[in-house]
Amino acid sequence: MSRVQLALNVADVDAAVDFYSKLFGAEPAKRRPGYANFAIVEPPLKLVLIESPTGRGQGVVGALNHLGVEVETPEDVAAATRRLAGEGLEPDVQMATTCCYALQDKAWVSDPDGAPWEVYTVLADAPSENGLGCSTEACAEPVDFGATGEPAGSCC
């Protein structure tokens with residue numbers, strides 16, 4: 011099963027969890043300080059909430075932190091990477107990287123306006139945000155792809 015991921019910057023993660031729990035009729039699949047994610051069955055959506063001191067003023071476009079497509083296996087990430095590269099999008103591949111409290115394989119690309127998209131799979135749960143003990147504030151920063159095309163300044 012694949013599903014779209016939407017990662018939002020929020021000023022108050024507790025208030026956002028309360029709202030989105032009611033909106034989608036679901037509780038978070040993962041909850042950490044300043045962070046929550048929902049694995050919503052209908053519609054198929056991975057909703058990630060990242061607390062940011064300035065709320066929606068952070069990110070690529072206001073509330074947007076990044077977008078993604080969650081896939082089931084590392085092989086699915088590899089297939090998506092080949093397809094994206096074949097389309098000339100030059101994905102940035104990150105294997106066994108830790109962010110958003112999970113060990114992941116992923117490939118990043120940006121749309122023409124700079125919105126970051128990741129195709130990823132979760133390999134395992136992780137005790138910290140990026141494996142280096144980063145704070146949720148570090149993950150609430152906008153994803154900057156810079157000249158190298160690699161995400162910088164954010165672990166998600």
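Per the numbering used here: the sequence shown = residues 11 to 166.
Don't be surprised by glycine CBs; every beta carbon is placed ideally from N, CA and C.
> Nearest to V14 by alpha carbon, out of L74, P54, Y30, K116?
Replying inline: P54
> Does the beta-carbon distance from P38 to H76 come in below 8 Å?
Replying inline: no
> From V79 to D24, what does the alpha carbon distance come to, in whole angstroms?
Replying inline: 25 Å
> For A117, which of M105, A136, I50, D135 has the nearest alpha-carbon?
Replying inline: M105
>> Is it buried or exposed, L18, if we count other Cβ atoms within 10 angstroms and call 16 or more buried?
In response: buried
>> Using the Cβ count rule (16 or more neighbours within 10 Å means buried), how would you classify L57?
In response: buried
> C110 to A90, Cα distance in whole Å?
Replying inline: 21 Å
>> Can you look up D102 in the DSSP assignment and give me helix, strand or coil?
In response: strand
>> Quick check: what's the CA-CA separation for T108 versus F48?
In response: 18 Å
> Based on Cα-Cα distance, which residue from L99, A136, P84, E139 lies nearest to D115?
Replying inline: P84
> L94 to T131, Cα distance in whole Å?
Replying inline: 16 Å
> Nearest CA to the CA of P43: which residue from G96, S12, S62, A36?
Replying inline: S62
>> Which of the three DSSP states is assigned to S145 in this structure?
In response: Low per-residue confidence applies at S145: pLDDT is 35, beneath 50, and the placement is therefore not dependable, though the value from the model is reported in the following sentence. It is coil, neither helix nor strand.
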